[in-house]
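Shown next, in structure tokens, is the structure this report addresses.
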Amino acid sequence: MIDTHGPAWHILPLTIADQQVHLDYGQRLLTAPVPSPPILYWSQANRKGLVLGFSQKVTHVNVEALQQLALPLYQRQAGGTAVLVGPDLLALDVFLPPGHPLILTDVVESYRWLGETWAAALDRLGVAARLVLPAEARAQQALLKQPATAPREAVLRRACYGSLSPYEVVGPDQRKVVGLTMIRRRAGSLLQSGLLLRWEVEPLALVLGLTAEEQALLRSELPHRAVGLETLAGRAITAAEVIAAFEQALLARSSSPRLPAET
Numbered sequence: 000m001i002d003t004h005g006p007a008w009h010i011l012p013l014t015i016a017d018q019q020v021h022l023d024y025g026q027r028l029l030t031a032p033v034p035s036p037p038i039l040y041w042s043q044a045n046r047k048g049l050v051l052g053f054s055q056k057v058t059h060v061n062v063e064a065l066q067q068l069a070l071p072l073y074q075r076q077a078g079g080t081a082v083l084v085g086p087d088l089l090a091l092d093v094f095l096p097p098g099h100p101l102i103l104t105d106v107v108e109s110y111r112w113l114g115e116t117w118a119a120a121l122d123r124l125g126v127a128a129r130l131v132l133p134a135e136a137r138a139q140q141a142l143l144k145q146p147a148t149a150p151r152e153a154v155l156r157r158a159c160y161g162s163l164s165p166y167e168v169v170g171p172d173q174r175k176v177v178g179l180t181m182i183r184r185r186a187g188s189l190l191q192s193g194l195l196l197r198w199e200v201e202p203l204a205l206v207l208g209l210t211a212e213e214q215a216l217l218r219s220e221l222p223h224r225a226v227g228l229e230t231l232a233g234r235a236i237t238a239a240e241v242i243a244a245f246e247q248a249l250l251a252r253s254s255s256p257r258l259p260a261e262t
């Protein structure tokens, strides 16, 4: 168990606004001249839009479909690939100031505590979930190097929820429900996570598929790669319920006896 003790968390209420507002807030935290306390920033975009990862090119987007669906396009500073934001995605940014005990030298292990907290939160909601172990993520990433599977995986990985990374959270059948990414700067570390309240494939298939064949692949395979919380739970779960469960899980973790950090 990684030590989560340190300065008290500053928890901001859920903010619903244009996605650019949320992206700009995260950047302000990472460029602030004076270190902030550890912050939880909950957010939802007030309309659907497509957010590309830092190194993802617009050439991997079907611009005509994007325009037909009237989806605004954004780009984040964190890695990873495209995410469809809007009312179906609940996002959490976690800012850790320099020197916080959760900022580890091992970048991959720095995700573990957040994935564990998300899994514990879903357990509180009666949803079975587990972490993606690093070996499991590496096994899927290896498919990109195999001639028989590389073209298919390259298309599916255009969607963030089309692939697995270490310590993300999946349901019992290995479909991803919580995605993770991170930005590290001298001013601190910003861990970003997104929980699928519901998983809508069709818009992603249209905007990430450059040909009819790619769209068909995304349409048929993405439902096997990710799942919405509503489907896992068998009932609608509000953002407020999720936020309360996560904060309770974090409080339980922070108040538990100190144990050595895992490495």
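Each residue of the sequence shown is one higher than the last, beginning at 0 in numbering that gives the first Met the number 0. Glycine included, each C-beta is placed from N, C-alpha and C at the ideal position.
Measuring CB to CB, does residue i end up less than 8 Å from residue j?
i              : j            : result
valine 93      : leucine 29   : no
arginine 197   : aspartate 87 : yes
tryptophan 8   : leucine 249  : yes
tyrosine 110   : tyrosine 160 : no
leucine 195    : leucine 228  : yes
valine 226     : arginine 174 : yes
tryptophan 117 : valine 177   : yes
Would you tell me roughly how many angstroms separate the C-alpha atoms of residue i and residue j, rounded to the nearest one?
i                 : j             : result
phenylalanine 245 : glutamate 220 : 30 Å
leucine 209       : alanine 69    : 17 Å
leucine 143       : threonine 80  : 15 Å
aspartate 23      : alanine 90    : 14 Å
glycine 25        : glycine 114   : 20 Å
valine 20         : leucine 216   : 33 Å
alanine 243       : alanine 149   : 41 Å
glutamine 145     : glutamate 240 : 42 Å
histidine 59      : glycine 78    : 15 Å
aspartate 105     : isoleucine 15 : 33 Å
glycine 193       : alanine 141   : 24 Å
alanine 251       : arginine 123  : 12 Å
threonine 237     : leucine 130   : 22 Å
glutamine 139     : valine 169    : 14 Å
threonine 230     : serine 162    : 19 Å
For residue i, tell me which candidate among the options has the shortest Cα-Cα distance.
i           : options                           : result
lysine 263  : Leu39, Asn45 and Gln74            : Nothing about residue 263 can be reported from this structure: the residues present for the chain run from 0 to 262 only.
alanine 204 : Gln247, Gly193, Ala158 and Leu228 : Ala158
glycine 67  : Pro133, Val176 and Gly48          : The question names glycine, but residue 67 in the sequence shown is glutamine. Per the Cα distances, Gly48.
alanine 64  : Glu201, Leu101 and Phe53          : Glu201
alanine 31  : Leu132, Val62, Pro12 and Leu95    : Leu95
Residues in the same chain with beta-carbon distance under 7 Å from residue i, minus the five sequence neighbours each way, listed in chain order, please.
i            : result
proline 171  : Ala127
proline 71   : Gly48
glutamine 76 : Gln26, Phe53 and Ile182
Return the chain-ordered list of same chain residues with a C-beta closer than 6 Å to the C-beta of residue i, the five sequence neighbours on each side being excluded.
i             : result
isoleucine 10 : Leu39
valine 84     : Gln18, Ala44, Gly48 and Val50
Looking only at DSSP bridge pairs, what is residue i linked to?
i            : result
aspartate 92 : Tyr40 and Gln191
glutamine 66 : Answer by DSSP bridge pairing: none, since glutamine 66 is not bridged.
leucine 72   : Leu49
threonine 14 : Ser42
arginine 157 : Answer is none; arginine 157 lacks a bridge partner.
Within its chain, find whatever has a CB closer than 8 Å to the CB of residue i; leave out the 5 residues flanking it on each side and keep chain order.
i          : result
proline 97 : Pro34, Arg185, Ala186 and Gly187
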